[in-house]
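166 is the number that the numbering used here gives to position 165 of the sequence shown; each next residue is one higher, with no gaps. All C-beta atoms, glycine included, are put in the ideal place defined by N, C-alpha and C. None of the values given here were measured: they were computed from a predicted structure.
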Amino acid sequence: MDQELFESVDAYISNLFGYEDAVLKDTIKSMEEADIPAISISANQGKFLQLLARLNNAKRILELGTLGGYSTIWLGRALPADGYLLTLELEQSHADVAQRNINKAGLDQIVQIRVGKALEQLPLIVAEGIEPFDMIFIDADKQPYTEYFEWALKLSRPGTLIIADNVIREGQVLNDNSTDERVKGVQRFNKALAANKQVSATIFQTIGSKEHDGMAIAIVNS
Ligand code: SAH
Ligand code: DHB
Ligand code: MG
């Protein structure tokens, strides 16, 4: 494939538009030091999500899968000073690293991390009667993506933007016989998304510094 070319063009774009300040660079470094897997979104994807948040005039964002807080910081920076970003993370050790990075970014007044299984947290959040979110970024474990999407809908209003990362998996989604639970999870999700009448959606492929993948994007209909 043309991975080398994709990476060079990704670097070209990020040099122009995907500026990572010291906080974002240190976030990546903090994850290396803590042996946290290097599976954050790329800088250009961060900028892209930031633009989407602004396009939708987002004041409240929900994220599933915090990791070291890299995507959280990109998204948090799209919010006004009275905005709110709730991010769900299974691993306390990831949340600890992420919290430090969020503090360094000066986003601790805006960002709240909740630790636990997303599928246990989401019903609690719905039961609390929380205000709907303007944007929801699904990026936790892949097997329950369909259920995450269903919960996301309960936390949405007409016009809410729902984005799901890693829905193409280097084209493995084309393989109907895949035994990889992550691939099966996103295959099931992509089908459910396409069939859901409550949203209008598509998937765009992502290439660049990360492996070939894709993000699903959906807007909740009126
Ligand atoms: N959004 C991050 C990357 C997230 S990686 C970024 O781009 O910077 C996926 C994260 O989801 C990991 O930190 C993992 O611990 C977390 N995760 C895995 N299973 C989960 C679950 N059941 N509930 C909540 N988080 C989960
Ligand atoms: C994986 C998860 C991600 O969120 C990602 O962007 C890349 C890979 C994974 O679990 O393999
Ligand atoms: Mg991801």
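Exercise for the section: Could you check which residue in Glu132, Gln46, Asp36 has the C-alpha nearest to that of Arg61? Expected result: Glu132
Handout entry: N- and C-terminal bounds of the beta strand (DSSP E) containing Thr207
Key = Counted as a single uninterrupted DSSP element, the beta strand (DSSP E) harbouring Thr207 occupies residues 200-207.
Exercise for the section: With ligand 3 as the reference, list in chain order each residue whose Cβ lies under 5 angstroms from any of its heavy atoms. Expected result: Asp140, Asp166, Asn167
Handout entry: Rounded separation between Leu17 and Asn102 - CA only
Key = 24 angstroms
Problem - DSSP three-state assignment for Leu80, whether helix, strand or coil - result: coil
Problem - Beta-carbon gap between Leu194 and Phe138 smaller than 8 angstroms - result: With a cutoff of 8 angstroms on beta-carbon distance, Leu194 and Phe138 are scored as not near each other.
Handout entry: Other residues of its chain near Ser43: CB distance less than 7 angstroms, five sequence neighbours each side excluded
Key = Asp11, Gly209, Ser210, Lys211
Exercise for the section: Name the residue from Gly77, Lys30, Ile218, Thr207 whose alpha carbon lies nearest to the alpha carbon of Phe190. Expected result: Ile218
Exercise for the section: Would you kindly check if the distance between the Cβ of Arg170 and the Cβ of Gln144 is under 8 angstroms? Expected result: no
Practice task
Assign Ser223 to one of two classes, buried (16 or more other C-beta atoms within 10 Å of its C-beta) or exposed (fewer than that).
Solution key: exposed
Practice task
State the beta-bridge partners of Gly215 as determined by DSSP.
Solution key: Gln206
Practice task
Say whether the region 66-73 touches the region 121-136, bearing in mind that this needs 3 or more beta-carbon pairs closer than 8 angstroms, one atom from each stretch.
Solution key: Taking 8 angstroms as the limit for Cβ pairs, the verdict is that the region 121-136 does not touch the region 66-73.
Exercise for the section: Look up Tyr20 in the DSSP assignment and say whether it is helix, strand or coil. Expected result: coil
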